[in-house]
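Residues in the sequence shown are numbered from 81 upward in steps of one, following the numbering used here. Idealized CB from N, CA, C, for every residue including glycine.
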Amino acid sequence: MEKYYFIWIVFVVAVLLYRMIFQKFKQHHRENIGLSAILIIFTGSSYPLAQMNLFFVIAVIALGVYCAVWNSILLTRNGYEKPSLK
Numbered sequence: 081m082e083k084y085y086f087i088w089i090v091f092v093v094a095v096l097l098y099r100m101i102f103q104k105f106k107q108h109h110r111e112n113i114g115l116s117a118i119l120i121i122f123t124g125s126s127y128p129l130a131q132m133n134l135f136f137v138i139a140v141i142a143l144g145v146y147c148a149v150w151n152s153i154l155l156t157r158n159g160y161e162k163p164s165l166k
């Protein structure tokens, strides 16, 4: 179970970093906020991972909070996204 948490956390961090570095958060703000929330929940609920490396857990949660706040600012600044399917 610990490996599942670790793999999932690394995957979500990689997706958020890819969107932050290469896409510069220009689109998909709601999905980025959701990914950040999932990252915070999974990192906070992984008790064995928190016992092993507290610095890693704090860094991942800080990254998730930063991404969520920045995307919520961009979402409200640019207006709400248009629905992709009509």
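Check: Measure the alpha-carbon distance for Met132 versus Phe86 and round it to whole angstroms.; Outcome: 12 angstroms
Check: Any idea if Gly144 is buried or exposed, counting beta-carbon neighbours within 10 angstroms, 16 or more meaning buried?; Outcome: buried
Check: Does the beta-carbon of Ser116 have 16 or more other beta-carbons within 10 angstroms, so that it is buried, or is it exposed?; Outcome: buried
Check: Let me know the alpha helix (DSSP H) ranges lying completely inside the region 85–139, each 4 residues or longer, listed in chain order.; Outcome: 109–125 and 127–132
Check: Going by CA-CA distance only, name the one from Phe102, Lys106, Ile118 and Tyr84 that's closest to Ile153.; Outcome: Lys106
Check: Take Leu155 and list the residues in its own chain whose beta-carbon comes closer than 8 angstroms to its own, dropping the five residues that flank it on each side.; Outcome: His109, Arg110, Ile113 and Glu161
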